[in-house]
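Q: Below: one structure in C-alpha cells.
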Amino acid sequence: MDTSVLPIIILLPLVLGTTLVSWLKRFSREVTALGAIAISLSSFALLLSQAPAVFGGAVITESWSWLPQLGIDFSFRLDSLGLLFGLLISGIGTLIYIYAYYYLSPKNSLSKLYLLLMLFMAAMLGISLSNNLMILLVFWELTSISSFLLVGYWSNYDAAQRGARMALTITGMGGLAMLGGFILLGQITGTYQIDTILTMTELIQSHQLFIPTLLLILLGAFTKSAQFPFHFWLPNAMAAPTPVSAYLHSATMVKAGLFLVARLLPIFAGAALFHNIVTFIGLFTLCIAAFFAIFKEDLKGLLAYSTISHLGLIMCLLGIGTPLAVAAAIFHIINHATFKAALFMIAGIIDHESGTRDLRKLSGLWQLLPYTATLTMVTAASMAGVPLTNGFLSKEMFFTELLANLNGPVLIVSAIVATLAGIFAVTYSVRLIHGVFFDGPVGPYVPKKNAHEPAFGMRAPATVLAMLCILVGLLPALLVEDIINSITHAVTQDPTFEGVHLAIWHGFNAPLLMSVIALVGGVLFYFALAKKGTIREIDLDPMLGKLQGRILFDLFLKSLLLNSRSFRRATENGKLQSYLLWIVIFTVGLVAVPLLGNNLSTGTRELTHAPIMAIVLWLLLFSACWMMLWFHHERIKAVLISGAVGLVVTLIFICFSAPDLALTQITVDVVTTVLLLMSLSLLPQLTPYESSSTRRWRDAIIAVAGGLGIAWISWLILTRDHNSISWFFMQQSLPLGGGANVVNVILVDFRGFDTFGEITVLGIAAIGVLSLMDGMRAHGATITQGLTYRFNPSPLMLRVTASWVLPVALVVSLYIFMRGHNMPGGGFIAGLITSLALVIQYIALGQDQAEQLLGAKSGRLYEIWIGAGLSIAGLTGIAAWFWSRPFLTSAHVHVHPPLLGDMHLASAALFDVGVYVTVLGATMLMISVLGDSRHTSMTGPVPRG
0 MDTSVLPIII LLPLVLGTTL VSWLKRFSRE VTALGAIAIS LSSFALLLSQ
50 APAVFGGAVI TESWSWLPQL GIDFSFRLDS LGLLFGLLIS GIGTLIYIYA
100 YYYLSPKNSL SKLYLLLMLF MAAMLGISLS NNLMILLVFW ELTSISSFLL
150 VGYWSNYDAA QRGARMALTI TGMGGLAMLG GFILLGQITG TYQIDTILTM
200 TELIQSHQLF IPTLLLILLG AFTKSAQFPF HFWLPNAMAA PTPVSAYLHS
250 ATMVKAGLFL VARLLPIFAG AALFHNIVTF IGLFTLCIAA FFAIFKEDLK
300 GLLAYSTISH LGLIMCLLGI GTPLAVAAAI FHIINHATFK AALFMIAGII
350 DHESGTRDLR KLSGLWQLLP YTATLTMVTA ASMAGVPLTN GFLSKEMFFT
400 ELLANLNGPV LIVSAIVATL AGIFAVTYSV RLIHGVFFDG PVGPYVPKKN
450 AHEPAFGMRA PATVLAMLCI LVGLLPALLV EDIINSITHA VTQDPTFEGV
500 HLAIWHGFNA PLLMSVIALV GGVLFYFALA KKGTIREIDL DPMLGKLQGR
550 ILFDLFLKSL LLNSRSFRRA TENGKLQSYL LWIVIFTVGL VAVPLLGNNL
600 STGTRELTHA PIMAIVLWLL LFSACWMMLW FHHERIKAVL ISGAVGLVVT
650 LIFICFSAPD LALTQITVDV VTTVLLLMSL SLLPQLTPYE SSSTRRWRDA
700 IIAVAGGLGI AWISWLILTR DHNSISWFFM QQSLPLGGGA NVVNVILVDF
750 RGFDTFGEIT VLGIAAIGVL SLMDGMRAHG ATITQGLTYR FNPSPLMLRV
800 TASWVLPVAL VVSLYIFMRG HNMPGGGFIA GLITSLALVI QYIALGQDQA
850 EQLLGAKSGR LYEIWIGAGL SIAGLTGIAA WFWSRPFLTS AHVHVHPPLL
900 GDMHLASAAL FDVGVYVTVL GATMLMISVL GDSRHTSMTG PVPRG
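All the letters of the sequence shown, read from the start, carry residue numbers 0 to 944 under numbering that gives the first Met the number 0.
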C-alpha cells in the first residue's frame, strides 16, 4: 500500500478543494457544489480504503524531515482513532456540502462558504492524522482561524462578529496554553513524535514538569471542547450559518479537545490529578449545560447547550479512563455526531421553511412538516437516550462505568448528578419535539403559515443520519462493535482489554433504573413546566446576572482594553528620547540580572599588544562617534557622520581579513545612508535641544552605563578562552556545501533557514514602509520643517555618466553574485550593488522617468520582485523534500559541457538568486516610496535636488 495517501487526504481539501471551489464559482452554484462534494468524497473514499487494515490493528505512518534539529517533521499516523475522526470529518462534511447548497440562498456566496469549510476540513483532518505535536498544533490553530471566519460568515451581523471574536479568543488562548504544554512535553521526552511519546508514560508522570504539562494541555482541550468554565463561547457562535453549526459545533471542531485527550490518554492514565480533573469537570459540564438547554428560546441555542452537555459526558468517560469507559466514550462520539449534526440540519430546515427558530413562536408544525417532524423525533429520541436508538446504548454504558469506577460519597453524588443530567436531557428533547411540532395548532407568530417540506436534497443528509441512529441502536454488535473495540485498543494501548459487547438488553440493573428515572422524570418535568407556562417565561440570564460567561468575558476584555490604554498613555508620549530611555534601561537590566553573582573579573587569556593600525582605527571611530554626539541635533550631519562610522567598521573588517563582511558593510552603509536621508526629508532638520539639565545628566548616566556595560561584557569575553566551532565550517564547507567561501556557504546552506527568515523580514519591512507612507504628507519647506527628498532630473553630465554606470554596475553585480559561493560576494551584496546602480539612475533621470523606463511606476514591480524572490528561495528549500532531505538542504554536482569544461553547480545558487531578487526589490521599494510625490507631497514649492 502507498503510505503517501496520508498527506493526500489532507491536501485534497486544503489545496485542490480550495482552488477548485474558487475556480468553479465562475460557472454556477450547481457546479461549485458538485466540485466541493467530489473533493470531500475523495478524502472519505481514501480513508475508507484503509479501513479494513487499520480497524484490523494496522498503523500507517509516513514522515518527511523538516526541522530535525528541533524535532519537527511532517509526520503522519493513521490508526483506528484517527481513522474514525477522519471518516466523521469527511463523511459528515460531504452531507454538509449537500445540505448547504439547498440551505444557502443565491444572494449569499456559496463558494465562500465551501472554501472556508474546505480549509476547516483540511485542518481537522490534519489534527486527526498528525504524528508530531507541533504539526498537530499548526492544524489546531488553523481550525481556530477557519472557524472564526466561518462563524463570522455573515459579516454584516454584529452577533456573528461578536461570536467569532469570542470563539477565536477563547480557543486561541487555549491553543497558546497547549503550545506551552507541548513544549514541556517535548522537554521531558526529548521528542515531539506522538507515537514515541505514548511509550514513555513512566518517564513523563515521574517528571517534575508533569503537572504543569498536564494542566496546560487540558486547558487547550477544555477550551476547544467547550468545557466549564469555557463553555460560553459555543452558544455565542450560533450566529453562524446552520451548515457551519451542524459541522463545526456538533461533529468536528468541538470534538478536537476530546480527540486530544483520547490521543494522549496513555501518558495521562493512572495519574490521579488527570482522572479527578477530567472526570468531574466533564460531569459538571454535563449537568449544568443540560439544565441551561431546557430554558433556551432559540432552537440552535438549545442544541448548542445540549452539545456542551454531551461533550461533558464524553469528557467524563475519558476522565474515568478504563478501557470500558473509553469504549463508551468512543461510542458516544459516533452517536453524538450522527444525531446532533442531523438536529442542527433540522433546525435549519425549520428556520428555512417557517421563517423563525424562536421556540416561543413555534407550535403545531406537524401539520406542515410531517417528514421533518419524524426525523426530529428519531434524532431527538437518540439525544434523550430512548431505547432502540444509538444514544440509549452509549448513555447506558456511561451510567454503568460511572457506577463501576466510583465509590463512597463521590459515587452517590455523581450518580445523582448524572441522573439529573439525564432528566434534563429528556426534558429539552421533549420540548424540542412537542414545543415545535405539537402543542396546539400552527402558532400565530409563525412568519410563514404556508410552510412546506423542503427539497429532497435538503432532507436527505438528515435522513441518512437519522437512519444510522436507528440502525446502530438495533444492530450495534453487527455495525460498530468491532470498530469500537479496535479504537479502544488504539487509545488505551491495553493488551489485556478483551473488548466490549454491545447489546440492546443487559437485564435489570442500576444503569437501567437510572435510564428509566431519566426518561419518566424528564417527560414529567417538561409537562409540569409547560402546564404552568414557566418554561416559556423563565429567563436564566437575569438570575445569573454578571456570573454569565459572556458577561465575564466582556468585562475581562473591557478591563484589558482600559488597562492597556492607561499603560499606553503612560508610556507613549510621542518622544523618541523616552522610548530609547526605557529600551536602554530594560536592556541593561536584562543583561545585568543573569550576570549577578558570576565572576566578572578579567579572564586568564594572554593579552596581546594592539597594533598601530588598530589604534588608528580606534581613534577614527572615537572621533566619528564624538562628532555624531556633538552634531546629533543636526540630523543630516548626524546621518552622514554615522555613514563615516560604517566606513571605519568596514576598514576593521578588512584588517581582520573578512572581505565578505567588508563588502556587505560598505554596501549596506551606502544604501542605509540614502534611505535615512530620504526619510529625514519628512522630518524637521533640527532636533530640539534638551532644555532640562537634570534630564541631560540622567540621559548621560544611562548612556555611559549602557556603553560601559557592553564594553565590559566584550572585555570579559575577549579575555577568556572559548571553544570555537569555526573548524567545523572550515572543514565541511566544501564537501557538504560545495563552496570554498565559508561565509556564503553558511548563509545559503548551513544557516539557510536563518537567511530565509531575514529576507522575509526585509520584504515585510519594505511592504510596511509602503503601508505606512500611504497618504502621508510633509507640509512646509523651511530649514526646520524639512524638505521633500524627491529625485528630479539632474544636469546632462550626470545623466550621461549614469548611463555608463548602470551596465558596468550590472556586470559587477553579476560577477559578485557568480563568484559568491567560492570567493567574497553573493546574492545579498549583488542585490545592494544593483540597487545602488538604480539609485544613481533615479538621481540622474528623476524618479518618474527612471521608473517609467523600468516599468516600475507606483512601485508595483518592486512588490513583484519581493514576492518572486521569496518564492524562489522557498521553492528551492522545498525541492529538497523530494529527495527526502531537510528543508533547504543544498545539492551540488560537477558537469562538463562542451567548450566550457568543468562546471560546479550548486542548488544554493538558486536560493541566492531569491536572496538577490528580494534584497533588490525591498531596497528599491523603500527608496521608491520615500521619493514618490504621492506619498511625500507638500504645500510649499518642490526644490530641485
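Quick reminder that beta carbons are idealized off the backbone N, C-alpha and C, glycines included.
Note that the structure is predicted; figures quoted are calculated from it, not measured.
Please confirm whether Leu676 and Ile635 have their CB atoms less than 9 Å apart.
A: Counted from its first residue, the sequence shown places residue 676 at position 677. Counted from its first residue, the sequence shown places residue 635 at position 636. Cβ atoms of Leu676 and Ile635: closer than 9 Å.
Q: Counting Cβ pairs closer than 8 Å, one from the segment 509-517 and one from the segment 406-420, do we hit at least three?
A: yes
Q: Can you tell me whether Arg719 is helix, strand or coil according to DSSP?
A: Working through the sequence shown from its first residue, we reach residue 719 at position 720. Three-state result, Arg719: coil.
Q: Expressed to the nearest angstrom, what Euclidean distance is found between the alpha-carbon atoms of Thr945 and Val425?
A: Here the chain covers residues 0 to 944 and nothing more, so residue 945 does not appear.
Q: Are the beta-carbon atoms of Asp350 and Thr222 separated by less than 9 Å?
A: As a first step, residue 350 must be located in the sequence shown, where it is residue number 351. As a first step, residue 222 must be located in the sequence shown, where it is residue number 223. No, Cβ-Cβ distance for Asp350 and Thr222 is not below 9 Å.
Q: At a cut of 8 Å, does the segment 33-52 reach the segment 2-21 through at least three beta carbon pairs?
A: The segment 33-52, when compared against the segment 2-21, does touch it at the 8 Å Cβ threshold.
Q: Met925 and Leu674 - do their beta-carbons sit closer together than 9 Å?
A: Here residue 674 is taken as the residue at index 675 of the sequence shown, counted from 1. Here residue 925 is taken as the residue at index 926 of the sequence shown, counted from 1. In contact: Leu674 and Met925 (Cβ atoms closer than 9 Å).
Q: If you follow the beta strand (DSSP E) that Ile59 is in, where does it begin and where does it stop?
A: Here the question's residue 59 lines up with position 60 in the sequence shown. Note, Ile59: beta strand (DSSP E), 59-66.
Q: Please return the same chain residues whose Cβ sits closer than 8 Å to the Cβ of Ala50, not counting the five positions on each side in sequence.
A: If you number the sequence shown from 1, residue 50 lands on position 51. Closer than 8 Å at Cβ, skipping near neighbours: Leu82, Leu86.
Q: For Leu361 versus His451, is the C-beta spacing smaller than 9 Å?
A: Position 362 of the sequence shown holds residue 361. Position 452 of the sequence shown holds residue 451. Their beta carbons are not under 9 Å apart, which means Leu361 does not touch His451 by this criterion.
Q: For Met123, which residues in the same chain have their Cβ closer than 8 Å to its Cβ, ignoring the five residues on either side in sequence?
A: Numbered from its first residue, the sequence shown carries residue 123 at position 124. Contacts found: Phe84, Ile88, Phe138, Thr142, Thr251, Met252, Ala255.
Q: Per DSSP, Ile71 forms a beta bridge with which residues?
A: Position 72 of the sequence shown, counted from the first residue, corresponds to residue 71. Paired residues: Leu66.
Q: Which runs of the alpha helix (DSSP H) fall wholly inside the segment 239-267 and span at least 4 residues, in chain order?
A: 241-247, 255-262, 264-267
Q: Measuring only from the beta carbon, is Gln49 closer than 8 Å to any heavy atom that is part of the ligand FMN?
A: Absence of the ligand FMN is noted for the structure shown, with no ligands found whatsoever.
Q: Is the beta carbon of Leu175 closer than 9 Å to that of Ala163?
A: Translated into positions along the sequence shown, residue 163 becomes position 164. Translated into positions along the sequence shown, residue 175 becomes position 176. Not in contact: Ala163 and Leu175 (Cβ atoms no closer than 9 Å).
Q: Go to Trp864, then tell me how far its alpha helix (DSSP H) extends in each direction, as first and last residue.
A: Sequence index remark: in the sequence shown, residue 864 carries index 865 (1-based). It spans 859-878 - the alpha helix (DSSP H) in which Trp864 sits, taken as one unbroken run.
Q: In three-state DSSP terms, what is Ala380?
A: Taking the first residue of the sequence shown as position 1, residue 380 is located at position 381. Looking at Ala380 - three-state DSSP - the assignment turns out to be helix.
Q: Quick check on Arg28: does DSSP put it in helix, strand or coil?
A: On the sequence shown, residue 28 is found 29 positions in, with the first residue counted as 1. The answer is helix: DSSP assigns Arg28 an H, G or I state.
Q: Tell me the rounded alpha-carbon separation between Met951 and Val914.
A: Nothing in the structure corresponds to residue 951, since the chain is present only between 0 and 944.
Q: Any idea what DSSP makes of Met937, helix, strand or coil?
A: Residue 937 sits at position 938 when you count from the first residue of the sequence shown. Bear in mind that a pLDDT of 39 at Met937, under 50, signals an unreliable position, so the number given afterwards is only what the model happens to contain. DSSP places Met937 in the coil class of the three-state scheme, outside both helix and strand.
Q: Determine whether the beta carbon atoms of Leu919 and Gly868 lie at a separation below 9 Å.
A: By one-based count along the sequence shown, residue 919 stands at place 920. By one-based count along the sequence shown, residue 868 stands at place 869. Judged by beta-carbon spacing, Gly868 lies within the 9 Å limit of Leu919, meaning their Cβ atoms are closer than that value.
Q: What's the call for Gly151, buried or exposed, on a 16-neighbour Cβ count within 10 Å?
A: Residue mapping note: residue 151 aligns to position 152 of the sequence shown, counting from 1. Counting Cβ neighbours within 10 Å, Gly151 comes out buried, since at least 16 surround it.
Q: What's the C-alpha gap between Asn406 and Pro12?
A: Walking along the sequence shown from the start, residue 406 turns up at place 407. Walking along the sequence shown from the start, residue 12 turns up at place 13. Their backbone Cα atoms lie some 48 Å apart in a straight line.
Q: Measure the Cβ-Cβ separation of Gln192 and Gly281 and say whether it is below 9 Å.
A: To locate residue 192, count along the sequence shown from 1; it is residue 193. To locate residue 281, count along the sequence shown from 1; it is residue 282. Their beta carbons are not under 9 Å apart, which means Gln192 does not touch Gly281 by this criterion.
Q: Who does Glu633 pair with in a DSSP beta bridge?
A: Along the sequence shown, one-based indexing puts residue 633 at 634. Bridge partners of Glu633: Leu685.
Q: Give a yes or no on whether the C-beta atoms belonging to Leu202 and Ile182 are separated by under 9 Å.
A: Position 203 of the sequence shown, counted from the start, is the residue given in the question as residue 202. Position 183 of the sequence shown, counted from the start, is the residue given in the question as residue 182. No, these two residues do not count as a Cβ contact at 9 Å.
Q: Out of Leu298, Leu717, Gly92, Arg25, which one is the CA nearest neighbour of Val243?
A: Locating residue 243 in the sequence shown gives position 244, where the first residue counts as 1. Per the Cα distances, Gly92.
Q: From the DSSP output, which residues share a beta bridge with Gln192?
A: The residue you call residue 192 lines up with position 193 of the sequence shown. The partner list for Gln192 (beta bridge, DSSP) reads Asn131.
Q: Answer yes or no: do Val479 and Phe330 have a C-beta to C-beta separation smaller than 9 Å?
A: The residue given as residue 479 occupies position 480 in the sequence shown. The residue given as residue 330 occupies position 331 in the sequence shown. Result yes, Cβ atoms of Val479 and Phe330 sit closer than 9 Å.
Q: Tell me whether the segment 164-171 and the segment 110-121 touch, counting them as touching only if at least three CB pairs, one residue from each stretch, are closer than 8 Å.
A: no
Q: Would Leu197 count as contacting chain C if we go by Cβ distances under 9 Å?
A: The displayed structure is made up of one protein chain only, and chain C is not part of it.
Q: Could you give the DSSP three-state label for Leu511: helix, strand or coil?
A: Stepping through the sequence shown from its first residue, residue 511 is reached at position 512. Reduced to three states, the DSSP call for Leu511 is helix.
Q: Note down the Cα distance separating Gly548 from Ala905, rounded to an integer number of angstroms.
A: Walking along the sequence shown from the start, residue 548 turns up at place 549. Walking along the sequence shown from the start, residue 905 turns up at place 906. When rounded, the distance between both Cα atoms is 59 Å.
Q: Going by beta-carbon coordinates alone, are Ser64 and Pro885 separated by less than 9 Å?
A: By 1-based counting over the sequence shown, the position of residue 64 is 65. By 1-based counting over the sequence shown, the position of residue 885 is 886. Going by C-beta atoms, Ser64 is nearer than 9 Å to Pro885.
Q: Looking at Gly737 and Ala907, is the spacing between their C-beta atoms short of 9 Å?
A: Along the sequence shown, one-based indexing puts residue 907 at 908. Along the sequence shown, one-based indexing puts residue 737 at 738. Contact: yes.
Q: Does the Cβ-Cβ distance between Gly456 and Tyr100 come in under 9 Å?
A: Along the sequence shown, read from residue 1 onward, the residue named residue 456 stands at position 457. Along the sequence shown, read from residue 1 onward, the residue named residue 100 stands at position 101. Cβ distance < 9 Å, so Gly456 and Tyr100 count as in contact.
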